[in-house]
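Residue numbers (my numbering): 671 to 944. Each remark here refers to the structure printed beneath this line.
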C-alpha cells in the first residue's frame, strides 16, 4: 500500500525518481546497509520506517547529517529526522483496546502477537492497548514475538491456543499477524469462540472481518504514508520548507468491522487500481 502511494506521488509530480526498498529479513542491520547504500548513491532524501529506534538513533543522526531524512510508519522521535508521517500509534493502540472491550464485554484473558517489541510502533500500540484496558476485566497474559517470520507467527498462536484453552481473544499488532491468527484459530476449530482483533488491511484480514473470524481491525492509511512522504520531501527539497515545518503529520486510523468492511475494501481497491 505504501508503495502504491509512492507511485501515485511520482505520477503526480513527474520530476521525482524513487528507489523503494524493503529489508528482506525485517532486521535493523539489513536496513542500515540499505540506508548506507542510498546515501552513497547520493539520494536527495530518505523516508524510512525505523525498525529499532532505540539502537538506530545515532546512526539515523549520521544519515540526517548527509541527506534529508524523514520517518514514516514507525518513528525515531529522539533522532534528528525532519518529520514523521504516519499513525499516532498510542492512539491506534487505544482504538484496538476499544475493539477488545467491545468483543469481550464481560472480560477475559488475551494474548498479543507482533514481530518485535523493539520497533517503536509495536511499543506504542501495545502501550495504547494497555492504557485503554486499564481498569477493565481484561487480562493481558503476555506478548509473543516472531521476528517477522510468518510461519513462527502462526505457530505462536497455535501454541497459545493449546497452553491457554480459556483464552478469550488474540490480538495481532502487525499486518501479517491477522492472517496468521485466523489460520491458527481455524485450525483449532475456534472461529467465533476466540475473538480476534488485528491491525491493517491484508486481504486475508479483511476477508476474516467480512466472514466473522476477525471482530475488527484497526487500519492505518499506508497509501497516504507513501504519497505524503514523497510529495512533502519533493516540496521541501524544491525550497518550500513549510512542507515539513510541523515535524510530524498524523494520518488517522479507521476501525473496520463487518458493517463497514465492504465499503472500505472498495475504496482500497480503487487506490490500488484494481
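Glycine is no exception: its CB is placed at the ideal position from the N, C-alpha and C atoms.
Please confirm whether residue i and residue j have their CB atoms less than 9 Å apart.
i: residue 907; j: residue 671; result: no
i: residue 817; j: residue 785; result: yes
i: residue 790; j: residue 747; result: yes
i: residue 780; j: residue 840; result: yes
i: residue 853; j: residue 802; result: no
i: residue 649; j: residue 783; result: The structure shown has nothing for residue 649, since the chain only spans 671 to 944.
i: residue 813; j: residue 850; result: no
i: residue 866; j: residue 926; result: no
i: residue 760; j: residue 740; result: no
i: residue 676; j: residue 701; result: no
i: residue 848; j: residue 884; result: yes
i: residue 627; j: residue 899; result: With the chain running from 671 to 944 in the structure shown, residue 627 is simply not present.
i: residue 880; j: residue 846; result: no
i: residue 737; j: residue 709; result: yes
i: residue 891; j: residue 921; result: yes
Please classify residue i as buried or exposed, where buried requires at least 16 neighbouring CB atoms within 10 angstroms.
i: residue 937; result: exposed
i: residue 777; result: exposed
i: residue 821; result: exposed
i: residue 735; result: exposed
i: residue 682; result: exposed
i: residue 835; result: exposed
i: residue 745; result: buried
i: residue 862; result: exposed
i: residue 673; result: exposed
i: residue 756; result: buried
i: residue 694; result: exposed
i: residue 799; result: buried
i: residue 897; result: buried
i: residue 915; result: exposed
i: residue 933; result: exposed
i: residue 815; result: buried
i: residue 940; result: exposed
Which residues does DSSP list as the beta-bridge partners of residue i?
i: residue 778; result: 808
i: residue 754; result: 741, 918
i: residue 717; result: 740
i: residue 868; result: 887
i: residue 767; result: DSSP lists no partner for residue 767.
i: residue 842; result: 783
i: residue 924; result: 889
i: residue 814; result: 783
i: residue 861; result: 864
Could you say which of the options lies nearest to residue i if we only look at CA atoms?
i: residue 771; options: 832, 682, 752, 809; result: 809
i: residue 706; options: 860, 730, 884, 763; result: 730
i: residue 721; options: 838, 698, 743, 922; result: 698
i: residue 687; options: 712, 703, 939; result: 712
i: residue 864; options: 758, 838, 696, 812; result: 838
i: residue 924; options: 915, 886, 918, 899; result: 886
i: residue 804; options: 763, 825, 788; result: 763
i: residue 788; options: 696, 765, 846, 766; result: 696
i: residue 714; options: 702, 723, 733, 726; result: 733
i: residue 928; options: 902, 878, 741; result: 878
i: residue 903; options: 812, 918, 704; result: 918
i: residue 797; options: 773, 766, 898, 709; result: 766
If I follow the unbroken alpha helix (DSSP H) through residue i, where does it start and stop?
i: residue 792; result: 790–803
i: residue 936; result: 931–941
i: residue 685; result: That residue, residue 685, is in no alpha helix (DSSP H); it is neither H nor E in DSSP.
i: residue 833; result: 820–833
i: residue 732; result: 723–734
i: residue 746; result: Counting along the chain, residue 746 falls outside any alpha helix (DSSP H), and DSSP gives it neither H nor E.
i: residue 878; result: 873–881
i: residue 703; result: 698–710
What is the residue span of the beta strand (DSSP E) that residue i lies within?
i: residue 837; result: It is not in any beta strand (DSSP E) - residue 837 carries neither H nor E in the DSSP assignment.
So, does the CB of residue i fall closer than 9 Å to a CB anywhere in chain D?
i: residue 903; result: No chain D is part of this structure, which consists of one protein chain only.
Does the ligand ATP have even one heavy atom less than 8 Å from the beta-carbon of residue i?
i: residue 837; result: Only the bare structure without any ligand can be found here, which leaves the ligand ATP out of the picture.
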